[in-house]
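Q:
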Amino acid sequence: MNFEVSPEERRVLLKTARESVESYLERREPNWPPAPAALAVPRGAFVTLTSGGRLRGCIGRLTPSGPLVETVRSMARAAAFEDPRFAPLGREEWPGVHIEISVLGPLERLSSVEDVVIGVHGLYIVQGFRAGVLLPQVAIEWGWDRDEFLVQVCRKAGLPSGAWKDPTAELYRFEAAVFGE
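When we follow our numbering, the leftmost residue of the sequence shown carries the number 972, and every step to the right adds one.
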């Protein structure tokens, strides 16, 4: 991986994500923790929320649109309240929610699927107006091999399971620093 997230930066990002959701639930101004300078660097990131070991929300940005700390703030809130797969998070549910953050490295266009390493790389596919992304940890969590990971990213995009073989499809890999509470 061509970047690292220090233990202190991880702590600040997790605290920031929790404060983003909590302040919204409590209808108050956020009290952001001081952020190290490294968190001002633009990076893509996803915030994943789980409750009772089950997915409760996951929203992110593949490419940087601003400082990492700000991306985590907005993606945490979006995962809690805007993931269309779930009802908005309620106050009573919040104390049992676990936060995981994936800080993304740059997208790399794949010339060969042999360059995908399970547990190291996430996948992003684009074909026409459809796109899908799966984070590196998803393949491990579900016990997928490379072929199944490729099939599943196609399905996530709403594409046929073999769309990754189509020359009109663009397939990318990326690495991520993944950490949670």
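Even glycine gets a Cβ: it sits at the ideal position worked out from N, Cα and C. Computed from a predicted structure; not experimentally measured.
Can you have a look at Arg1014 and say buried or exposed, based on whether 16 or more other CB atoms are within 10 angstroms of its CB?
A: On the sequence shown, position 43 is the one that residue 1014 refers to. A residue is called buried when at least 16 other Cβ atoms come within 10 angstroms of its Cβ; Arg1014 meets this threshold and is buried.
Q: Roughly how many angstroms separate the alpha carbons of Thr1034 and Ala1016, rounded to a whole number?
A: Taking the sequence shown and counting its residues from 1, the one referred to as residue 1034 is at position 63. Taking the sequence shown and counting its residues from 1, the one referred to as residue 1016 is at position 45. Computed Cα separation, rounded: 8 angstroms.
Q: Quick check on the burial criterion: 16 or more other C-beta atoms within 10 angstroms. Buried or exposed for Phe1100?
A: In the sequence shown, counting from the first residue as 1, residue 1100 sits at position 129. It counts as exposed.
Q: For Val1097, name the three-state secondary structure that DSSP assigns.
A: Within the sequence shown, the letter at position 126 stands for residue 1097. Looking at Val1097 - three-state DSSP - the assignment turns out to be strand.
Q: Is Glu1071 helix, strand or coil by DSSP?
A: Reading the sequence shown from its first residue, position 100 is the one you call residue 1071. Glu1071: strand per DSSP, three-state reduction.
Q: Output the residue ranges of the beta strand (DSSP E) runs that lie fully inside the stretch 1014-1053 and measure 3 residues or longer, sorted by chain position.
A: 1016-1022 and 1025-1032
Q: Whose C-alpha, out of Asn1002, Pro1077, Asp1116 and Gly1024, is nearest the C-alpha of His1069?
A: Reading the sequence shown from its first residue, position 98 is the one you call residue 1069. Nearest of Asn1002, Pro1077, Asp1116 and Gly1024 to His1069, Cα basis: Gly1024.
Q: Whole angstroms are fine: how far does the CA of Leu1142 sit from the CA of Glu1085?
A: Position 114 of the sequence shown holds residue 1085. Position 171 of the sequence shown holds residue 1142. Looking at the two C-alpha atoms, the distance is approximately 12 angstroms.
Q: Report, in whole angstroms, the separation of the C-beta atoms of Gly1093 and Pro1107, which I expect to be a contact under 8 angstroms.
A: Counting from one through the sequence shown, the residue named residue 1093 turns up at place 122. Counting from one through the sequence shown, the residue named residue 1107 turns up at place 136. Their Cβ separation, rounded to whole angstroms, is 4 angstroms, which keeps Gly1093 and Pro1107 in contact under 8 angstroms.
Q: Could you tell me which whole alpha helix (DSSP H) segments of length 4 or greater appear in the stretch 1107-1152?
A: Within the stretch 1107-1152, the complete alpha helix (DSSP H) runs of at least 4 residues are 1107-1113 and 1117-1127.
Q: What whole-angstrom Cβ distance do Glu993 and Trp1065 have, given they're in contact under 8 angstroms?
A: By 1-based counting over the sequence shown, the position of residue 993 is 22. By 1-based counting over the sequence shown, the position of residue 1065 is 94. Right, their Cβ atoms sit about 7 angstroms apart.
Q: Could you pull the start and end residues of the alpha helix (DSSP H) that Ser977 belongs to?
A: As a first step, residue 977 is located in the sequence shown; it is residue number 6 there, counting from the start. Note, Ser977: premise wrong, no alpha helix (DSSP H); not H, not E.
Q: Can you list, in chain order, the residues of its chain with a C-beta nearer than 6 angstroms to that of Ala1167? Leave out the 5 residues immediately preceding and following it.
A: Residue 1167 is absent from the model: the chain starts at 972 and stops at 1152.
Q: Per DSSP, what are the beta-bridge partners of Leu1105 in this structure?
A: For the purposes of this step, residue 1105 is taken as residue 134 along the sequence shown, with counting starting at 1. In the DSSP output, where bridge partners are listed per residue, Leu1105 has Leu1094.
Q: Where does Glu1079 land, buried or exposed, given buried means 16+ other C-beta within 10 angstroms?
A: As a first step, residue 1079 is located in the sequence shown; it is residue number 108 there, counting from the start. Label assigned to Glu1079: exposed.
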